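A.B. asks:
The structure is reproduced here in structure tokens:
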């Protein structure tokens, strides 16, 4: 969404309501980071403050995944199985409404939800996150330093994901550095990540239309955020750090295959993920046409975290896919190709319903059978 003045202000960071009638309103301050530790491991760090008006609850979520996995071709089967390390920790802290506090300062806004989640939002585009499970298992002191401008999906005017889902806010990718403590072990981390500032009136996952991608990819030269609702809207933000140029769509693009003139996201090498009870792609191909050329990225999924507001497979399966290898290029209109370096990122996905348990048993268990097999969908 093109905004006349896309600069993020402290008012945007502190926004806690909408003009429209709130039926099921919520706010969030969310982070999704892809970082490497000085121990050589890859970490995917997640967390959010989510204030739910209807439930009269201020919810904190802290989670992380670690390591890399692979995709296995099953014997005597067309199916592949995702074997990922998955989530190491996923904790929820349910607080009564009013626990969330917003303190406006001269050059920042401090948002606090009990002792578990604090984020100070500075007017230079930096977030300082202070996270703590308070039981010694996990603690983090992290900085997210955004560049350029975010992907806005509503500011003065709302973004309508569906007819009644009215949203304001942004997704913004940037550099990440800081320290995490895992069971008392101190680990310095560095990488990139995306943060989200979100205000909404209503939401219905069943209306999203089968599949939804939202996430980010960063290179040393270009940062990008993107959103693709297969049967709804799609949008993107591409910021060229080297040339200080910002690209975004003129308006809400149509989702899915109906409008691929500006942005196309395709998936390859699908594999069944038991924890999600569904299939996920293990490769992403992204192509965005902007006024000065074509931005392309190919990303490999090495791990995934299932998430939601329960510890079970959700009614609307949601997962964050973690990239380890990302290749990219920017082809200028004059034919010059710039190879992009240092790629990383994540992509969160949502399906509108679970797959029925009609799928073959080898997707759910490791027992191998031999001989004739006539199982079918």
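Residue numbers (the numbering used here): 816 to 1192.
Ideal Cβ positions, reconstructed from N, Cα and C, are used throughout, including at glycine.
Bear in mind that the values here come from a model prediction, so they are computed numbers and not experimental data.
(1) Going by DSSP, what residue range makes up the alpha helix (DSSP H) through residue 827?
(2) How about residue 941 and residue 955: are their beta carbons less than 9 Å apart?
(3) My parser needs the beta strand (DSSP E) runs of 3 or more residues fully inside the segment 983 to 1048; what are they?
(4) Can you find the residues in the same chain that come closer than 6 Å, C-beta to C-beta, to residue 1100, ignoring five residues on each side of it along the sequence?
(5) Report all residues from its chain with a CB closer than 6 Å to the CB of residue 1153; omit the five preceding and five following residues, and keep chain order.
(6) What did DSSP end up calling residue 819 once you bin it into helix, strand or coil?
(7) Below 8 Å, how does it come out for the segment 882 to 901 and the segment 1032 to 1052: are there three or more Cβ pairs, yes or no?
(8) On the criterion of 16 or more Cβ atoms from any shown chain inside 10 Å, does residue 1180 qualify as buried, or is it exposed?
(9) Output yes if chain C places a C-beta closer than 9 Å to the C-beta of residue 1040; else output no.
(10) Kindly indicate which three-state DSSP category residue 960 falls into: helix, strand or coil?
(11) Flag this pair as touching only if the segment 1086 to 1096 and the segment 1037 to 1051 have three or more C-beta atom pairs under 8 Å; answer yes or no.
(12) Cα separation between residue 1047 and residue 1107?
(13) Could you round the C-beta distance between residue 1110 and residue 1053 to whole angstroms and report it? I think they count as a contact, below 8 Å.
(14) Could you tell me whether the segment 914 to 932 touches the segment 881 to 889, using the rule of 3 or more Cβ pairs below 8 Å?
(15) Please classify residue 1156: is it buried, with 16 or more other beta-carbons within 10 angstroms of its beta-carbon, or exposed?
C.D. replies: So, to answer that:
(1) 825 to 829
(2) no
(3) 1000 to 1015, 1027 to 1033, 1037 to 1044
(4) 1081, 1113
(5) 1145
(6) coil
(7) no
(8) exposed
(9) Note that chain C does not occur in the displayed structure, where there is just one protein chain.
(10) strand
(11) no
(12) 27 Å
(13) 5 Å
(14) no
(15) exposed
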